[in-house]
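Worksheet: one structure, shown below.
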Ligand SMILES: [Zn+2]
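Shown next, in the form of structure tokens:
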């Protein structure tokens, strides 16, 4: 939402009325309820700042705005750990741990490290899922490269497609040359989120199938 507020000049004694767009996400608790601007400061014609209050976590944060009043960034950026279903956490506790470490790196703007972390998390998720379906081949699966492991051990077509494509994007995060210029870490995260969903569903269906009358 846009608001016109009276702001204080850092290099001038004249207060001005300027337009500010209110942040749509709190950087502390990630709530979509967002911030309510308490007051604003302008440093130049190009940069202005606002101090914002989040009604969800009762926290106060600082937003940097451009000359049109749009939000450029918000501080402090706190990391909120992602929770997964009990079935998925039991299947691959290492995936959950590495995914959240990658996410913590990402929220500290360490995007290069985060990409490598998501790629590692992906490998644990797929291999632990493959092992759960083919327990006799556990040692072989652990030592395989990821792509042949997906081709040989993942039967569900949706999970297979998502696994192959996330692995492609994951390799872009670890190699010197990027093959998919128009894709980034957000695409890989979307694919991993979909993988998590389909694997969780598969685990629930298996559990239902194990019920006999
Ligand atoms: Zn908040």
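In my numbering, the protein residues as written are 11 to 223.
For glycine and all other residues, C-beta sits at the position ideal for the given N, C-alpha and C.
- From residue 164 to residue 140, what does the alpha carbon distance come to, in whole angstroms? 6 Å
- Can you tell me which of 136, 186 and 206 puts its alpha carbon nearest to the alpha carbon of residue 157? 136
- Query: By how many angstroms is the C-alpha of residue 12 removed from the C-alpha of residue 114?
  - Reply: 31 Å
- Examine ligand 1 and report whether any of its heavy atoms sits within less than 7 Å of the Cβ of residue 38. yes
- Name, in chain order, the residues that DSSP records as bridge partners for residue 50. 17 and 60
- Query: Touching or not, the stretch 215-222 and the stretch 160-174, by the rule of three or more beta carbon pairs under 8 Å?
  - Reply: no
- Query: Touching or not, the stretch 30-38 and the stretch 57-71, by the rule of three or more beta carbon pairs under 8 Å?
  - Reply: yes
- Message: Considering only heavy atoms of ligand 1, does any lie closer than 7 Å to the CB of residue 41?
- Response: yes
- Message: Quick check on the DSSP output: the beta strand (DSSP E) that includes residue 26 runs from which residue to which?
- Response: 26-31
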